[in-house]
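Below is one structure, written out as structure tokens; comments come after it.
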Amino acid sequence: MNREWKLFAIFLSVFLFAYFVPLATPEFSDSAAPTGAKVTGAIIEAFMLLQWYARNHTLACVVPALFIAGAITTFLTKESVLKHLGPKANKVEAYSVASVSGTVLAVCSCSVLPMFAGIYRIGAGLGPAACFLYAGPAINVLAIFLTARVLGFELGVARVIGAIVFGVIVGLLMGVFFRQSEEDRNQATLAMPDPPASKRPLWQSAAMLAAMLAFLIFSDWFNPGDKTVQLNDGTAFAATLQYETESGYDLRLKDAVLGHETSEVIRLPKSEVAKIEDIETWVTQIHHYRWYLAGMMGILVALMSLAWLDREDFGQWMGNTWEFSKMLVPLLFGGVFVVGFLGALVPEKQIAALVGDNSFQSNLIASVVGCVFYFATLTEVPILEALMRNGMSSGPALALLLAGPALSLPSILVIRSVIGNLKTAVFVALVVVMATIAGMLYGTLYPANPTNLTPPSFTAGIPTSVSDAYQGTANISNFERTKS
Numbered sequence: 475m476n477r478e479w480k481l482f483a484i485f486l487s488v489f490l491f492a493y494f495v496p497l498a499t500p501e502f503s504d505s506a507a508p509t510g511a512k513v514t515g516a517i518i519e520a521f522m523l524l525q526w527y528a529r530n531h532t533l534a535c536v537v538p539a540l541f542i543a544g545a546i547t548t549f550l551t552k553e554s555v556l557k558h559l560g561p562k563a564n565k566v567e568a569y570s571v572a573s574v575s576g577t578v579l580a581v582c583s584c585s586v587l588p589m590f591a592g593i594y595r596i597g598a599g600l601g602p603a604a605c606f607l608y609a610g611p612a613i614n615v616l617a618i619f620l621t622a623r624v625l626g627f628e629l630g631v632a633r634v635i636g637a638i639v640f641g642v643i644v645g646l647l648m649g650v651f652f653r654q655s656e657e658d659r660n661q662a663t664l665a666m667p668d669p670p671a672s673k674r675p676l677w678q679s680a681a682m683l684a685a686m687l688a689f690l691i692f693s694d695w696f697n698p699g700d701k702t703v704q705l706n707d708g709t710a711f712a713a714t715l716q717y718e719t720e721s722g723y724d725l726r727l728k729d730a731v732l733g734h735e736t737s738e739v740i741r742l743p744k745s746e747v748a749k750i751e752d753i754e755t756w757v758t759q760i761h762h763y764r765w766y767l768a769g770m771m772g773i774l775v776a777l778m779s780l781a782w783l784d785r786e787d788f789g790q791w792m793g794n795t796w797e798f799s800k801m802l803v804p805l806l807f808g809g810v811f812v813v814g815f816l817g818a819l820v821p822e823k824q825i826a827a828l829v830g831d832n833s834f835q836s837n838l839i840a841s842v843v844g845c846v847f848y849f850a851t852l853t854e855v856p857i858l859e860a861l862m863r864n865g866m867s868s869g870p871a872l873a874l875l876l877a878g879p880a881l882s883l884p885s886i887l888v889i890r891s892v893i894g895n896l897k898t899a900v901f902v903a904l905v906v907v908m909a910t911i912a913g914m915l916y917g918t919l920y921p922a923n924p925t926n927l928t929p930p931s932f933t934a935g936i937p938t939s940v941s942d943a944y945q946g947t948a949n950i951s952n953f954e955r956t957k958s
């Protein structure tokens, strides 16, 4: 027990450090990242992405997902999971549920992982679990509408169809490739002693899980960050808020203004901004009240726990949640840090230059980039919009949309800890192949850039400092810190 408390103290210390260290202050940035120090700047970017993850994603999304994973393991019986998602379950039912269940979950790959680990641990087949892992982050309702609105109706429809169809294909192939090992695992699961009969009817467990899922949906509700900005001199323009520091705003321009091109990211001191307001939509309206709605769901979960759980049930739930936390959190934080470091060295214009046509190479590069870099909830859309404005073609755009939300370096590390090296390698390879094929097919059918923008001329180059990265050659990690 003492060891567990020490481990918890370490986790908490790392989180608090990442949350409160003043990385965004001008004094820290100016002194820590001298001009020309690319590696130093990349380290600062890595810490800034980790801080953004701690502040905007950990408490609102990862922690609720861990509690849900613990609840799945505690409250769902292996018989019910095997019946609907097991290797011998009806394939149509299993893959239908797995492929579309992400529709209501506005979560990214890192947040799906605890739920994937939970259902896999208690007996779900590798195929349906892999299908859920691939399709879940890509097809939530907000992602579908945002993709169609910003990037075009055709690309939005292609994303839905591609995520579902290729999710099923990936799951089926995983089941075929590892049929023997899955049969052995299934036999081992069935041979395990049956747990004591549930003290609660199924509807109570389902109600608790539904309330926890609702908490996750509202707490991690996405704010697109679209703003109207008015400067002290009367200049007004529309922009997307990327990041806010103590002294300024990082804004992605929606139109050419202030001597900058459309889609460039600029930093404005707060002293020069007279007014900055949200562009109101139903999404932002819910975002304004998200914590009230999430709080109501949290209170409901607490009341149901008090009414339906005894001390033993609650202790088992917390124990399972802690086991998932020990397994997942270090890998997530470490992976996010590495992605921030690598992303700072590769600006978006350089990536866009490599994916400017619908060739096999361009689609493959887009798929690999999507599998490595971390895309938080729905941020893949504004990132992709910027890449397309810089010349990215339509096929690679879809390839990135299908690979990016499904995988990232942090999620690959976690998947490896759940299903092992070989299965993880095959899963990643299948995602890359399927995303590449989908991109090539879409690029053949719709070769035109759906944003209908003429890409600006540029000279690709590595940013020489964090300041450079913010002033028009911003890298992927900057774009991911969309204020939520």
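Residue 475 is where the sequence shown starts when you use our numbering, and the numbers rise one by one after that. Note that beta-carbon positions come from the ideal geometry of N, C-alpha and C, so glycine has one too.
With DSSP collapsed to three states, give me the class of residue i.
i: Phe-847; result: coil
i: Lys-897; result: helix
i: Asp-787; result: helix
i: Pro-884; result: helix
i: Thr-702; result: strand
i: Val-829; result: coil
i: Glu-954; result: The predicted position of Glu-954 is uncertain, since its pLDDT is 40 and thus under 50; a value taken from the coordinates is nonetheless stated next. Looking at Glu-954 - three-state DSSP - the assignment turns out to be helix.
Return the first residue and the last residue of the beta strand (DSSP E) that residue i is part of.
i: Phe-711; result: 710-718
i: Gly-722; result: 722-727
i: Ala-748; result: 747-752
i: Leu-742; result: 739-743
Look at residue i and residue j and say whether their C-beta atoms are less than 9 Å apart.
i: Val-586; j: Ala-617; result: no
i: Pro-602; j: Ala-637; result: no
i: Ala-877; j: Val-905; result: yes
i: Met-771; j: Ala-681; result: no
i: Asn-837; j: Pro-921; result: no
i: Met-856; j: Gly-626; result: Residue identity differs from the one stated: residue 856 is Pro in this sequence, not Met. No, they are not a contact pair.
i: Gln-704; j: Ile-750; result: yes
i: Pro-588; j: Ala-543; result: yes
i: Leu-861; j: Ile-825; result: yes
i: Asp-752; j: Lys-701; result: yes
i: Ala-713; j: Met-648; result: no
i: Gly-809; j: Tyr-848; result: yes
i: Leu-490; j: Ser-868; result: no
Kindly list the residues whose CB is nearer than 6 Å to the CB of residue i, restricted to its own chain and excluding five residues on each side of it in sequence; keep chain order.
i: Ala-899; result: none
i: Ala-948; result: With a pLDDT of only 36 at Ala-948, under 50, the local geometry of the prediction cannot be trusted, and no value is derived from it.
i: Pro-929; result: The pLDDT assigned to Pro-929 is 36, lower than 50, so where the model puts this residue is not dependable; a value taken from the coordinates is nonetheless given after this. Excluding residues within five positions, the ones whose Cβ falls inside 6 Å are Asn-864 and Gly-865.
i: Gly-560; result: Gly-597 and Gly-599
i: Leu-742; result: Gly-722 and Tyr-723
i: Val-907; result: none
Could you spell out where the alpha helix (DSSP H) holding residue i opens and where it closes?
i: Lys-480; result: 476-494
i: Gly-878; result: Gly-878 -> no alpha helix (DSSP H), and no H or E assigned at all.
i: Tyr-763; result: Taken as a continuous stretch (DSSP letters only), Tyr-763 belongs to no alpha helix (DSSP H), as it is neither H nor E.
i: Leu-540; result: 537-549
i: Val-650; result: 627-651
i: Leu-861; result: 854-863
i: Pro-602; result: 600-609
i: Tyr-569; result: 565-574
i: Phe-689; result: 676-693
Going along the chain, which residues of its own chain have a beta-carbon closer than 8 Å to the beta-carbon of residue i, five neighbours each way excluded?
i: Val-495; result: Phe-521 and Gln-525
i: Val-574; result: Ala-609, Ile-613 and Ile-638
i: Arg-477; result: none
So, for residue i: in the same chain, excluding its five sequence neighbours on each side, which residues have a beta-carbon less than 7 Å away from its beta-carbon?
i: Lys-800; result: Leu-481
i: Ala-912; result: Gly-636, Phe-640, Leu-872, Ala-873 and Leu-876
i: Ala-632; result: Leu-872 and Tyr-916
i: Lys-557; result: Ala-563
i: Asn-926; result: Annotation note: pLDDT 42 at Asn-926 (below 50); position unreliable, no value reported.
Segment contact flag, the segment 879-888 with the segment 807-814, C-beta cutoff 8 Å, min 3 pairs: yes
Stretch pair the segment 681-693 + the segment 754-768: three plus CB contacts closer than 8 Å: yes
Contact the segment 587-599 vs the segment 535-551: 3+ CB pairs below 8 Å: yes
The segment 552-568 in contact with the segment 722-740 per 3-pair CB rule at 8 Å: no
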